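With the working numbering applied, the sequence shown has no gaps in its numbers, which climb one by one up to 221 at the end.
All remarks here apply to the structure that follows.
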Amino acid sequence: MNFKIKLIHLYFVLTFGLFFMMIIPPIAALLEQNLIAEIFYNLNEPLCHQYIGRSFCVFNNGMVGDCEPSNEVNAIVSTEFNYYLSSKSKLAADKFDGEYFYNRNLVGLHRAEKIEYNNDIYGYKFGVCSRDTAIYLGLIFAPLIYFILSKKIKSTPHILFAVLFLIPMGIDGLGQLLGFWESTNVMRLITGLIAGFGIGFFLYSILVDIDKKREMK
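Here's what the structure looks like:
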């Protein structure tokens, strides 16, 4: 039996693997599966800065959203919640042990995994930041768009196709880095989705073309 592993199958294994690595940590932490949460947070640590102020959280009330309130809300409720790093989801570097509380002015200086509000609502952040979250989702949905447009695709897109989709993310990230503006999770989500889709569409189309050539041999 001549068995060949299709590269497009490996694409799905990789992209869905990244997705589950991203979503497992907060869910495991909420379910108090401490070891699982710790392992997956640590696996994601080399891939992302993991700042809670730039991440989405899964909360104990079933909601998913920004870990910290918007700037408008912060002015009103800035003393009504705490960020802290707990031993159930410590960093790979093991820099902190136990609970380490700090206020929102220090957000970004530590990779906290948990945010807690005074109204008994608390949540754990995704394994990666909001922009990386969006990129992973874009990679997953790219093959679906490719399938819809497959009859109209005559050849593999040029690499410039993928580069163009990276421009919005590059502008947003560079502008924030240079201090021209502070990006939001919504903007990170939009630009990340665009980038993830462009990269995914380009890579998937190449892998489809390679698989077709392999089948013809």
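No residue lacks a Cβ here, since even glycine has one placed at the ideal position from N, Cα and C.
Everything numeric in this text was worked out from a predicted model, so none of it was measured.
Leaving aside the five residues that flank residue 62 on each side, the residues in its chain whose CB is nearer than 7 Å to its CB run, in chain order, 30, 31, 34, 68, 127 and 128. As summarised for the segment 122-185, the continuous beta strand (DSSP E) elements at least 3 residues long and confined to that stretch are 126-129, given in chain order. Here residue 205 is near residue 165, since their CB atoms are less than 9 Å apart.
In the DSSP annotation of this structure, residue 57 is not part of any beta strand (DSSP E), being labelled neither H nor E. Relative to residue 146, the option among 41, 47, 11 and 201 whose CA is nearest is 201. Secondary structure of residue 118 (DSSP, three-state): strand. Annotated three-state conformation of residue 66 is coil, per DSSP.
When the five nearest sequence neighbours on each side are left out, the beta carbons in the same chain lying within less than 7 Å of the beta carbon of residue 11 are those of 211, 214 and 215, in order along the chain. Straight-line spacing of the CA atoms in residue 183 and residue 174 works out to 14 Å. Taking C-beta separations shorter than 7 Å and ignoring five residues to either side along the sequence, the partners of residue 193 in its chain run 134 and 138, following chain order.
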